[in-house]
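Undergrad:
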Amino acid sequence: MRLVLVGPPGAGKGTQAQFVAAQLGIPHISTGDIFRANVAGGTELGQQAQKFMDAGELVPDSVTNAMVADRLTQPDTEPGFLLDGYPRNRDQAVVLEDLLANRSIGLDAVVELVVDSESVIARLLDRAIKDGRADDTEDVIRRRLDVYAEQTEPLVGYYREKSLLRTVDGVGQIADITARILDALTN
Ligand code: AMP
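According to the numbering used here, the sequence shown is numbered sequentially starting from 101.
Here you go:
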């Protein structure tokens with residue numbers, strides 16, 4: 101299965117993506133995780149991405165799209181993949197579509213994890229304490245939520261029109277939410 105998971109920062113995408121991908125036997129591809137690993141490793145890609153990440157802005161599409169295109173050529177993506185945090189705007193969605201179309205494949209579904217903004221902010225502040233992520237400070241959190249609303253949320257309508265969208269309630273116990281996602285994908 102070729103899947104995309106979309107939802108605001110703090111919706112629990114990373115956690116759910118991990119469980120859902122394991123359950124379906126496909127790789128979990130988180131662009132945020134790849135960027136963070138590159139920042140930690142001091143690579144050129146990390147250096148290109150860091151200032152945008154620290155500000156809560158999107159890393160430029162040219163950088164992000166090339167990185168994803170490269171990742172999707174890895175043989176482990178043959179049975180499918182779960183993209184977490186990509187695409188994040190319309191241009192990325194079109195690039196992904198073209199990339200897959202060139203191989204005569206396409207997405208099977210896009211799961212939107214719906215979480216109210218109070219729960220999102222509470223989770224992000226909680227994560228800031230536990231994980232110490234550089235972009236989990238209050239100002240940057242606010243900017244990331246704005247960027248989501250402005251650039252990423254429109255993708256929900258985009259994928260709804262393509263009949264790919266599955267909307268899932270992202271509030272509750274972790275295992276319950278995983279079950280809801282798997283249910284939405286099989287029904
Ligand atoms: P995430 O872990 O998905 O919240 O991503 C953390 C940060 O990485 C974001 O705030 C962006 O700066 C960057 N990032 C992750 N995915 C993308 C993407 N698809 N396009 C641009 N920037 C991204």
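Backbone N, C-alpha and C define an ideal beta-carbon position, used for all residues, glycine too.
Since this is a predicted model, take the numbers as computed values, not measurements.
#1: Taking 8 Å as the cut-off, does the segment 275 to 285 touch the segment 201 to 211 (at least 3 CB pairs, one atom from each stretch)?
#2: Pull up the distance between the alpha-carbon of Arg223 and that of Ile277, whole angstroms please.
#3: Looking at the secondary structure, which residues open and close the beta strand (DSSP E) in which Leu158 lies?
#4: Rounding to the nearest angstrom, what Cα-Cα distance links Val106 and Asp216 in this structure?
#5: If we require 4 or more residues per run, which alpha helix (DSSP H) segments fall completely within the segment 205 to 274?
#6: Which residues bound the alpha helix (DSSP H) around Arg190?
#7: Determine the extent of the alpha helix (DSSP H) in which Ala133 is found, giving its start and end residues.
#8: Identify, in the order they occur along the chain, each residue of the same chain with its Cβ nearer than 7 Å to the Cβ of Asn165, setting aside the five sequence neighbours on each side.
#9: Who pairs with Arg102 in a beta bridge, going by DSSP?
#10: Taking the alpha-carbon positions, what's the Gly141 to Val120 distance?
#11: With C-beta atoms as the reference, is Leu207 less than 7 Å away from Arg102?
#12: How would you label Ser130, buried or exposed, when you count the other beta carbons within 10 angstroms and need 16 or more for buried?
#13: Run the proximity test for Pro108: is its beta-carbon closer than 6 Å to any non-hydrogen atom belonging to ligand 1?
TA: Here's the rundown:
#1: yes
#2: 15 Å
#3: Here Leu158 belongs to no beta strand (DSSP E), and DSSP marks it neither H nor E.
#4: 14 Å
#5: 217 to 231, 238 to 247, 254 to 261
#6: 190 to 201
#7: Going by the sequence as given, residue 133 is Asp instead of Ala. Per DSSP, Asp133 belongs to the alpha helix (DSSP H) from 131 to 141.
#8: Gln192, Val195
#9: Phe181
#10: 28 Å
#11: yes
#12: buried
#13: no
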